[in-house]
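Data first, discussion second: the structure below is written as structure tokens.
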Amino acid sequence: MRQGCATLVGFAALLASVAFPRVAHAGNMDPTPERLVVQPPGLPPGQTCQSVARDPGALVSAGLRPQDFPCRPDNPAFANLVSELGFAIAPSAFTPARTTGVGGFQMSVEASYTRISSDRSYWHLGTRGQKDSSTNTQSIVNASPDSLIQVYALKVRKGLPYGFELAGSFGFIANTELWVGGGDVRWAMLEGFRTGVLGYLPDVSIGGGVRTVVGDSRFYLTTVGIDVKASKPIPIADSSQLIPSIGYQRLIIYGDSNVVDSTPNVDALRECGYNGIDPASGAPICRNNLPNGQPNTVDFANTFTFQKVRVHRNRGLVSLHYRYEILWLGSQFSFDITDPKDENPFLVGNRQWTLSFEGGVFF
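If you use mature numbering (1 follows the signal peptide of the UniProt record, and there is no 0), the sequence shown corresponds to residues -26 to -1, 1 to 337, in order.
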């Protein structure tokens, strides 16, 4: 009992040490969907829909109606951002085909590094970036997005009767304020045979998992993975095993938008001088007028929701685990088998891959 408690305390300390970089660099890769906008046509040179909201009088002076230049959602950019982020937080299926067994239990810390198309505009505009050190103001574009999305998580697995296994995972995305959690279920239809004809066959299992992101109310991101895996333990000593695995995963990414304010630094109620709703038209009643005498309702048009995102991807899984008594170590490479554009023509980024590592204990 004392040894088990010491192990749990040690792993809690390890997870805390992994989280320290998050405190020092939090926020540079936080999503900023409000920047993913399409500029309206006909804007005067040097103007954007955001600048019109800040100073609508400038367009009135130019003989234009500022109400005609609202920010509109850049739906393809949002879809690409969600797809690549969803690939990074998806269920990893980072386990051999064989379950832990009814009496087995595994706990580990998992680190995953996923390649993204960081040169694309949706990462430059869609993530926060660093503050200006001289003015302490937030940038309007991320000049150098991270090329890898880092996800760190604590994972536990527990075997059940009849070849079933449940797992849970909870962690965070480094350099953001986002958290990731979810669970998995696995059924090993063929496992544990070591003698006779069946002893030559690999362990085979099917599994499914869900991961969801929390920490940002402007969008919702959930991923579902369905996989099939095969593995074969190779004894290398009395208490040691190498366990190579291969697998296939069908990945489905669900991205949904809440109401997004594309001009968060402009208060529509204050600019309007809001005085309630006109019961006849439903329009806001404003005390403040533009230079042309019209009520200043310009910024009310700068909120929107993005179109729903549904992405389907095919991933290959190749992993290797090492077990020595209770020590459990592993590495996995997961990758796009097919080009994501084949099923999702609105995607423009490159194929992605994830390199994962884990270390833990196996009782």
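C-beta atoms are modelled at their ideal positions from N, C-alpha and C, and glycine is treated no differently.
Since the structure is predicted, the reported quantities are computational estimates derived from the model, not experimental observations.
Using a Cβ distance threshold of 8 Å, I227 and S92 do not count as a contacting pair.
Each of G75, G145, Q80 was checked against the Cα of P65, and the nearest Cα belongs to G145. The residues D230, in chain order, have a CB closer than 6 Å to that of Y194 in the same chain once the five nearest residues on each side in sequence are set aside. Within the stretch 4 to 37, the runs of alpha helix (DSSP H) at least 4 residues long that lie entirely inside it are, in chain order, 23 to 28, 31 to 35. Taking 8 Å as the cut-off, the Cβ atoms of Y96 and L55 count as close.
Boundaries of the beta strand (DSSP E) harbouring A127: 122 to 133, taken from the DSSP string. Judged by beta-carbon spacing, A71 lies within the 8 Å limit of S219, meaning their Cβ atoms are closer than that value. Runs of beta strand (DSSP E) with 3 or more residues, each lying fully within the stretch 213 to 258, are found at 214 to 231, 248 to 251, listed in chain order.
Under the three-state reduction of DSSP, I300 is assigned to coil, being neither helix nor strand. In terms of Cβ geometry, T237 and Q24 form a close pair [threshold 8 Å]. Taking a C-beta distance under 8 Å as the contact criterion, L294 and S305 qualify as a contact pair. Going by DSSP, L55 is part of the alpha helix (DSSP H) stretching over 49 to 63. The continuous beta strand (DSSP E) containing Y87 extends over residues 79 to 89. A straight-line Cα-Cα distance of about 48 Å links R284 and D212. By the neighbour-count criterion, in which a residue is buried when 16 or more other Cβ atoms sit within 10 angstroms of its Cβ, L152 is buried.
CA-CA distance, R224 to L264, rounds to 54 Å. In this structure, T74 and R28 do not form a Cβ contact; the two beta carbons are roughly 58 Å apart against a cut-off of 8 Å. Your pair Q21 and T271 does not check out as a contact, with CB atoms roughly 19 Å apart and the cut at 8 Å.
When the beta-carbon positions are compared, V202 and E8 stay at least 8 Å from each other.
When the five nearest sequence neighbours on each side are left out, the beta carbons in the same chain lying within less than 7 Å of the beta carbon of V125 are those of A62, I63, S86, G145, I147, V154, in order along the chain.
Beta-bridge annotation (DSSP): S293 is paired with S219, Q306. Ranking T169, Y136, L172, P176 by CA distance to the CA of V159 puts Y136 first. Contact check for G157 and L140: beta-carbon distance about 7 Å, within the 8 Å limit, so the pair qualifies. For S143, no alpha helix (DSSP H) encloses it; the enclosing beta strand (DSSP E) starts and ends at 138 to 147. Only residues of its own chain outside the window of five on either side were considered, and among them C246, G247, Y248, N249, P269, N270, T271 have a CB closer than 8 Å to the CB of C260, listed in chain order.
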